[in-house]
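The listed protein sequences derive, respectively, from chains A and B.
By my numbering, the letter at position 145 of the first sequence is numbered 225, and the numbering carries on one by one without gaps.
By my numbering, the letter at position 106 of the second sequence is numbered 186, and the numbering carries on one by one without gaps.
Glycine residues also receive a C-beta, built at the ideal position from the N, C-alpha and C atoms.
Number of protein chains: 2
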Amino acid sequence: MRLTNAKSVKQGIRAVAARAGVSTASVSRALNNPDAVSPSLRARIDQAIDALGYIPHAPARILSSRRSRTLGAIVPTIDNTMFARGIASLQQYLSSVGYMLLLTTSGYDLDVELQQARNLISRGVDGLVLRGDCHHDGLRKLLADNSVPFINVGIYQPDRPYPCVGTDNEAAAHRAAAHIIELGHRRIGIVSALQRNNDRASARVAGFRRALAESGIELPPQWHVEVPYTLDDAREAARYLLNLKDRPTAVVCGNDVIAYGVLLEAERDGFSVPRDLSVVGFDDLDWSRHLRPSLTTIHVPTGETWQRAGEYLVRSLAGEQTIMHREIDFSLVVRESTAPPPKSLK
Amino acid sequence: MRLTNAKSVKQGIRAVAARAGVSTASVSRALNNPDAVSPSLRARIDQAIDALGYIPHAPARILSSRRSRTLGAIVPTIDNTMFARGIASLQQYLSSVGYMLLLTTSGYDLDVELQQARNLISRGVDGLVLRGDCHHDGLRKLLADNSVPFINVGIYQPDRPYPCVGTDNEAAAHRAAAHIIELGHRRIGIVSALQRNNDRASARVAGFRRALAESGIELPPQWHVEVPYTLDDAREAARYLLNLKDRPTAVVCGNDVIAYGVLLEAERDGFSVPRDLSVVGFDDLDWSRHLRPSLTTIHVPTGETWQRAGEYLVRSLAGEQTIMHREIDFSLVVRESTAPPPKSLK
DNA sequence: ACACCCTTTGAAAACGGTTACAAAATAGAC
DNA sequence: GTCTATTTTGTAACCGTTTTCAAAGGGTGT
């Protein structure tokens with residue numbers, strides 16, 4: 081009686097190699113760099129692969145090659161049309177170039193963001209996509225220590241040493257306010273997002289304020305209010321602003337969701353937009369053109385922005401030269417929610 | 081002269097072990113099961129860990145332990161409030177129990193879904209969360225071959241051999257239609273999502289139809305129209321339906337987005353909702369209560385549903401006994417968009 | 001036939017952890 | 001103090017790939 085002590089391998093690259101009668105090295109090559117293996121071998125290997133239904137084990141691959149072809153992204157929340165769109169574009173682009181996306185959320189908390197970054201790095205991501213440039217100090221150190229490339233998206237700060245891609249929020253906000261001023265408004269209110277830990281929000285406020293200042297328009301403190309994230313929050317703020325005995329004839333908003341709140345609340349309080357009140361948004365979400373009245377707003381190509389962020393990282397990882405600061409153009413979309421102020425209040 | 085040939089290790093668990101003067105096994109234990117190591121050692125190790133800023137390498141961990149504490153989810157698109165909410169809840173829950181979520185999108189394409197599943201399995205996910213029970217045949221085989229636990233979310237099918245969690249769409253749709261019928265409508269149109277490859281959509285249509293049939297109400301073929309995903313598509317369908325010379329007095333919709341389209345188009349065409357036309361949605365998205373008129377719809381606790389899906393998988397992976405089919409209650413939320421039909425058309 | 005240079009292939013050592021197993025230390029019982 | 005049972009710690013094999021390096025193979029030119 082004869083004993084065969086060939087330890088038969090059930091799965092994995094060794095099983096494929098055994099079945100095709102080649103070495104594991106060849107299988108690996110056939111998978112990663114098909115041209116490096118002769119056509120005949122490749123055929124045998126391919127056949128073995130799908131005979132066995134072989135699926136490569138990514139963690140082992142990552143461990144061995146030190147590259148994961150995976151990018152991480154940390155967004156404040158996924159439950160917001162804008163981020164959802166951005167993420168969708170990024171993911172689509174990445175999968176088109178053979179990368180995967182590892183997505184996490186920070187809930188607008190810098191500590192959580194740091195923690196998630198640690199998590200993603202531990203997971204072996206090749207690079208990180210972050211929202212804005214307002215991060216925990218530890219995050220920068222973490223990224224440097226582990227030499228993880230990253231990019232800040234949604235902002236444009238050519239003077240800072242970090243890569244970024246996005247629109248110039250200050251300039252765009254300035255444009256929005258200028259539109260209102262050009263229409264003849266002098267009594268202008270601001271409803272912005274919370275500025276704390278949110279560079280995008282504060283840049284927009286800065287742009288609004290600069291436009292007012294340049295036209296010599298005063299902004300009474302009670303005409304600037306900040307609101308958290310939800311539509312309900314925005315409505316509440318709008319209610320306050322519209323019920324001041326001395327109220328503005330126009331409101332510029334930090335984003336479209338806020339603008340929706342103002343629109344809804346104005347209607348509820350019997351104001352007609354744009355006859356009694358003009359409203360400008362920021363972002364141009366889907367709903368903005370469907371609403372009645374449709375919303376005048378700043379169009380920001382979110383999808384493009386996030387895709388570019390992906391491109392930047394993928395390119396850098398491939399060793400290609402890429403520009404660190406990319407500006408994404410915005411545009412003012414004038415719709416139905418803005419008009420000259422009522423003559424009585426002009 | 082003496083040569084030290086202790087190969088010094090720069091990083092990794094071995095570096096931590098060296099610095100703390102212990103074995104790698106102890107470090108590993110301190111990390112994964114702190115109670116299994118004496119307090120004094122643990123202290124030394126913890127200190128070494130943050131002196132070195134050590135971050136465990138997840139892929140190595142996965143490779144070695146054959147568990148990743150990662151779940152995968154495949155949704156049709158992230159760019160839809162409902163999925164976004166679900167994913168957000170799932171992610172939050174998973175991170176609260178130390179799991180991560182690997183998210184991908186299929187774009188409503190079964191082949192892509194299969195491909196993504198392969199991708200996720202290759203990545204080493206411990207389990208998979210899928211939308212509905214309408215999958216590529218290869219997917220079931222793939223899951224079985226690799227013995228990857230999974231759950232279908234958003235549906236309730238107690239008679240099928242696969243785990244699922246969700247509302248009974250047929251029953252919920254029946255409830256929605258019944259509401260309209262109770263109000264006195266007999267001329268009822270249906271605008272549904274595409275039924276092909278979408279069990280949820282077809283279950284809802286079935287529920288609508290059953291309610292009509294039970295009340296002996298006819299459904300002329302041209303009163304049932306199917307639309308793709310976007311608000312624009314929905315508006316177009318609504319325009320068609322509302323401009324039939326013989327039009328319904330009420331429309332039941334496959335989801336809220338479709339209902340928004342009907343609402344917007346009705347207003348545009350000069351119909352007053354609910355006076356001239358009643359509209360019912362399905363899902364109860366955020367917007368539904370903000371819209372004017374606010375939308376009567378079926379409330380579905382999306383967040384809870386997805387979280388339960390996560391719970392199911394986490395529990396199964398922990399070896400706990402869990403129920404395979406969990407029904408999530410829905411409720412009819414009556415708001416402003418429904419009323420008895422105009423007397424002239426009754 | 002031989003020397004030469006490419007190209008294709010294989011053997012085996014990483015990669016950074018976990019864990020089975022054995023050894024050492026400690027505690028408890030007498 | 002000895003012996004046993006238990007806990008704590010260490011050694012080293014292993015997880016499934018990639019990749020270095022060397023060996024084998026295949027043409028050319030002479």
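| Asked | Found |
| --- | --- |
| Is the CB of A:D364 under 9 Å away from at least one CB in chain B? | no |
| Checking contacts by CB at 9 Å: is A:P139 closer than that to chain B? | yes |
| Relative to the C-alpha of A:S368, which residue among A:D349, A:L412, A:R388 is closest? | A:L412 |
| Would you tell me roughly how many angstroms separate the C-alpha atoms of A:L210 and B:L365, rounded to the nearest one? | 28 Å |
| So, is B:V96 buried or exposed, given that buried needs 16 or more other C-beta atoms within 10 angstroms? | buried |
| Is the beta carbon of B:H405 closer than 9 Å to that of B:Y236? | yes |
| How long is the line joining the alpha carbons of A:P70 and B:S282, rounded to whole angstroms? | Residue 70 of chain A lies beyond the residue range present for chain A, which begins at 81 and ends at 426; the question has no answer from this structure. |
| Taking the CB atoms as reference points, tell me whether B:S417 and B:G361 lie closer together than 9 Å. | yes |
| Identify whether A:A253 lies in helix, strand or coil by the three-state DSSP scheme. | helix |
| Please name the residues in the region 200-214 of chain B whose beta-carbon is closer than 7 Å to at least one beta-carbon of chain A, in chain order. | I201, S202, R203, G204 |
| Below 9 Å on C-beta distance, what does A:A168 contact in chain B? | T157, I158, D159, T185 |
| Alpha carbons only, please: which of A:A110, A:G92, A:L219, A:R122 is nearest the one belonging to A:L432? | This structure gives no information on residue 432 of chain A, because the portion of chain A shown stretches from 81 to 426. |
| Leaving out the 5 sequence neighbours to the left and right, which residues in its chain are closer than 6 Å to B:G341 when beta-carbon positions are compared? | L311, A314, R315, A318 |
| Against B:H370, what residues of chain A qualify as contacts under a CB-to-CB distance less than 7 Å, listed in chain order? | L311, L344 |
| Take A:N85 and list the residues in its own chain whose beta-carbon comes closer than 7 Å to its own, dropping the five residues that flank it on each side. | Model confidence at A:N85 stands at a pLDDT of 37, short of 50, so the residue's coordinates are unreliable; what they give is reported in the following sentence. Excluding positions up to five away in sequence, the list is empty. |
| State yes or no: is the beta carbon of A:N226 nearer than 9 Å to at least one beta carbon in chain B? | yes |
| Straight-line CA distance for A:I268 to A:L190? | 33 Å |
| Are the beta-carbon atoms belonging to A:L174 and A:L194 less than 9 Å from one another? | no |
| Would you tell me roughly how many angstroms separate the C-alpha atoms of B:S358 and B:G246, rounded to the nearest one? | 27 Å |
| Over the uninterrupted beta strand (DSSP E) stretch that includes A:L404, give me the two end residues. | For clarity, residue 404 of chain A is Met in the given sequence; the question names Leu instead. First-last for A:M404: undefined, no H or E at that position. |
| Under three-state DSSP, which class holds B:N323? | coil |
| Please go through the same chain and pick out, in chain order, the residues whose beta-carbon is closer than 7 Å to the beta-carbon of B:I260, but skip the five residues on each side of it. | I268, A330, V332, S358, V360, T418 |
| By the DSSP assignment, the alpha helix (DSSP H) with A:V360 in it spans what residues? | Per DSSP, A:V360 belongs to no alpha helix (DSSP H); it is in the beta strand (DSSP E), 358-360. |
| Buried or exposed: A:K90, going by 16 or more other Cβ atoms within 10 Å of its Cβ? | exposed |
| Taking its Cβ as the centre, do 16 or more other Cβ atoms sit within 10 Å of B:D409, making it buried, or is it exposed? | exposed |
| What is the DSSP secondary structure of A:D217, counted as helix, strand or coil? | helix |
| Could you tell me which whole alpha helix (DSSP H) segments of length 4 or greater appear in the region 254-280 of chain A? | none |
| Assuming the contact rule is C-beta atoms closer than 8 Å, B:I154 and B:A197 should be a hit. Round their C-beta distance to whole Å, please. | 6 Å |
| Does the beta carbon of A:L143 sit closer than 9 Å to a beta carbon anywhere in chain B? | yes |
| Listing by chain order, which chain B residues have their CB less than 7 Å from the CB of A:I135? | R198, I201, S202 |
| Starting from A:E306 and walking both ways along the beta strand (DSSP E), at which residues does that stretch end? | 304-307 |
| Of all the CB atoms in chain B, is at least one closer than 9 Å to the CB of A:R315? | yes |
| Are there any heavy atoms of the ligand COA lying less than 8 Å away from the beta-carbon of B:G178, as far as the coordinates show? | The ligand COA is absent from the structure shown, which contains no ligand whatsoever. |
| Determine, for A:W367, whether the minimum Cβ-Cβ distance to residues of chain B falls below 9 Å. | yes |
| Cβ closer than 7 Å: which chain B residues qualify as neighbours of A:R165? | D159 |
| Return no unless some Cβ of chain B is closer than 9 Å to the Cβ of A:R348. | yes |
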